[in-house]
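A short write-up of the structure that comes next.
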Amino acid sequence: MMSRKFVAYFRVSTKKQSLGLDAQREAVERYIAQAGGQLLAPPYVERESGTSHENRIELHKAIAKAKEENAVLCIAKLDRLARNVAFISQLMDSGVEFVACDNPHANRMTIQIMAVMAEQEARFIQERTVAGLAALKQRGVTKTGKPVRLGNPNNGTPEQTKRMHDGAKAKADAYAQSIIGEIRKWQAKGITTYKDLADILTGKFPTPRGAEVWQATQVRRIIDRAVNLQNLVC
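This is the structure in structure tokens:
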């Protein structure tokens, strides 16, 4: 029986992130070894800014290679592949099979959800950075004489802070609505404890933070948020 072939795709932002590249390489090689697969050389390495995705030349090369070899495109983490849900959809439509080592059991729906979460997070980071730079330009330092901490929402204007908080709430609300149906389905089958529900969701759906393992408290918060949203509608 022939072993499955894999094409590795790595992404780093700058040349200073060699440690990040090494970590990705290790994760991919470990996954392929455990799967008993064959890694096709050389890997494709993309160097770009955090959210730029228009000209991912190496990714297009990796996709073409995977199609040519009937191989699986392998990445270390989903957010390394794209922080844009439209781009993820484009990749999925290409017909290339791909796997993320941090969540190898993810299906099409879970990958779509994770892409939305990653895209939202990238947008929030940008907004926090802009707010921090604006505060730095206006005040230079804080009252204590320490440099302004970039990325802290409290450094921005009240409008910027409110917008970021509203965005975070909208993100959490959208996620709760996307997964509450799955939770209700299992509750209807008699699975009612938060712990049991967390065990069922683990490995099938990403947590609100994009992890694989669910905790009972996360399930409770999802249910509470969904109930609150339903009450607002009513």
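Under this note's numbering, the first residue of the sequence shown is numbered 20, with each subsequent residue one higher.
Where is the CB? At the ideal position from N, CA and C, for every residue including glycine.
Per the DSSP secondary-structure output, K24 pairs in a beta bridge with Q57. Looking at the backbone, the Cα of D121 and that of A95 are separated by about 6 Å. Look at P177 here: in three-state DSSP terms it is helix.
Its Cα nearest to that of F25, the residue L58 stands out among L58, F143, L40 and V31. When Cβ pairs closer than 8 Å are counted between the two stretches, the stretch 134-147 is seen not to touch the stretch 45-54, the count staying below three. Around the C-beta of T212, fewer than 16 other C-beta atoms lie within 10 Å, and the residue is accordingly described as exposed. Going by C-alpha positions, A85 is about 6 Å away from V91.
Taking the Cβ atoms as the reference, Q145 lies roughly 19 Å from I107, outside the contact range of under 8 Å. F224 has its alpha-carbon roughly 8 Å from the corresponding atom of M128.
The straight-line gap separating the alpha-carbon atoms of L216 and P123 is approximately 20 Å. Pairing T221 with V232 gives a Cβ-Cβ distance under 8 Å. With fewer than 16 neighbouring CB atoms inside 10 Å of its own CB, V246 falls in the exposed class.
L110 and G56 have their C-alpha atoms some 22 Å from each other.
Secondary structure note for A90: it is in no alpha helix (DSSP H), with a DSSP letter that is neither H nor E.
Residue environment for I202: buried (at least 16 other C-beta atoms within 10 angstroms of its C-beta). If you look at A119, you'll find it isn't in any alpha helix (DSSP H); it sits in the beta strand (DSSP E) that goes F117 to A119.
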